[in-house]
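Residue numbers are given in the numbering used here: position 174 of the sequence shown equals residue 199, and the series is strictly consecutive. Beta carbons: idealized from backbone N, C-alpha and C, even for Gly.
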Amino acid sequence: MSYLIQDLGGLAVATIIAPLLLYAPGLGLVRLLASAGLTVQGYWQRVGWAMILALAILPVLDTLMIRLLGMPGMILLNGALALAGMRLLKGARPPSTARPFLVIALAWWLICAWSLVDFDRDGQLHQSLIAFDMVKHAAVVEQIARQGIPFTDPFFARDGIAGYYHYFYVWPAAVRWISGFHIGPTMAFGATAFWTGVGVVALLWRIAADAALIRPGAERRVLLLAILFCFVAGADLLYMALRYLMVHRIEPEIENWNTEIRMLATSTLWVPHHIMALVAAWTGMLLSARAAAIKGAR
């Protein structure tokens, strides 16, 4: 079979499975936190909270379940949360205005596919754009899917331990495991990177909404701008201009900021586990702010 067809097929199926394993259980977290004051109304509000709560909380719980009961333990926990949370969407329908965003999501998926899949042509195999890092990603996904946690460190020749890789990687490992190992670890990882990018947009929306930065009637435009900014690079130029205005100096290395401030879409493809940590930190701050507001109201 063509490597291209094999990878594209695996990525497509993994893209369907991945949200069922993490984002659907996030609805259960929304329902559980409702008793603590997390009042969420509306279809997209609930879906958005489900995504960011799943990224922030579930990897820790899933890691513990895999350690105690193996991969079936994670599937049972997430399945129970998903079933508990489905009531939140009962009778709800996505707004018709979702169609443009579905087109954007398709474009994002194609970007992921272009960046991640291998393709063969004229007897030659052309590897993905991030083949170097994918060796690490695929090795850890495979180890967790086959051995659980803790697992034998696939990078046995290095110093240190592999505990750093437990959390995000349980998600693609579950995709790999539940497919009966028919979906390759690289495509399982790619699908979860795709959905992590969608979760980042939900986080940006949530931050803007909770900070009261969105005027009534401007919700659609703000969401489109949030998506646009995920693909915009060159943030370093703003800081370079500010520095010039303040001290009249231009750094000789104009790419100085790009090592940390870069196009979010690129970061999601290369290091989605870092982006998950970003989402977790901001979600913690959002929940803390809501808790403080509830306490103050009492």
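Taking each of Asp32, Ala81, Leu36, Gln31 in turn and checking the Cα distance to Ala218, the smallest one comes out for Leu36. Per the DSSP secondary-structure output, Asp145 pairs in a beta bridge with Leu150. Rounded to the nearest angstrom, the gap between the Cα atoms of Ala306 and Ala227 is 14 Å.
Ranked by Cα distance from Ile42, the options Ser153, His191, Asn103 are led by Asn103. Taken through DSSP and simplified to helix, strand or coil, Gln31 comes out as helix.
A check of alpha carbon separations from Val195 across Ser153, Met212, Val85 identifies Val85 as the nearest. Restricting attention to Gly242, Leu108, Ser27, Leu154, the CA atom closest to the CA of Gly148 is found in Ser27.
For Ile252, the enclosing alpha helix (DSSP H) starts and ends at 244 to 255. With respect to Met76, Tyr48 sits close: the two C-beta atoms are nearer than 7 Å. 7 Å or more divides the Cβ of Gly173 from the Cβ of Gly51.
Annotated three-state conformation of Asp184 is coil, per DSSP. The beta carbon of Gly224 is closer than 7 Å to those of Met76, Ile77, Leu80, Val304 in its chain, skipping five residues each way along the sequence. The C-beta distance from Ala170 to Ala216 rounds to 14 Å, too long to fall under 8 Å, and the pair is not in contact.
If the five residues before and after Tyr190 are omitted, its C-beta is found closer than 7 Å to the C-beta atoms of Val165, all from its own chain and listed in chain order. Taking 7 Å as the cut-off, the Cβ atoms of Gly222 and Thr308 do not count as close. Judged by their CB atoms, Val65 and Arg56 are not nearer to each other than the 7 Å cut-off. Taken atom to atom, the span from the alpha-carbon of Asp178 to that of Leu45 is near 28 Å. Selection Ala251, Trp220, Gly242 evaluated against Ala233 yields Ala251 as nearest (Cα-Cα).
The C-alpha of Gly110 is placed about 7 Å away from the C-alpha of Leu54. If you ignore the 5 residues before and after Met159, its C-beta comes within less than 8 Å of the C-beta of Leu141, Ser153, Thr211, Phe214, all in its own chain and listed in chain order.
Distance from the Cα of Ala290 is smallest, within the candidate group Tyr68, Leu238, Leu135, for Leu135. Here Phe176 is buried: its Cβ has 16 or more other Cβ atoms, across all protein chains shown, within 10 Å. Closest by C-alpha distance to Gln31, out of His162, Leu150, Leu311, Gly321, is Leu150.
Under the DSSP assignment, Asp178 falls outside any alpha helix (DSSP H); it carries neither an H nor an E label. Rounded to whole angstroms, Val128 and Leu249 show a C-alpha spacing of 12 Å. Distance check between Thr122 and each of Trp69, Phe206, Leu270 places Trp69 closest, using alpha-carbon atoms only. When the five nearest sequence neighbours on each side are left out, the beta carbons in the same chain lying within less than 6 Å of the beta carbon of Gln168 are those of Phe176, Pro179, in order along the chain.
Going by DSSP, Ala234 is part of the alpha helix (DSSP H) stretching over 210 to 235.
Comparing C-alpha distances from Pro97 to each of Arg201, Leu33, His162, Tyr269 shows the shortest one belongs to Arg201. For the pair Arg315 and Leu63, the Cα-to-Cα distance works out to about 8 Å.
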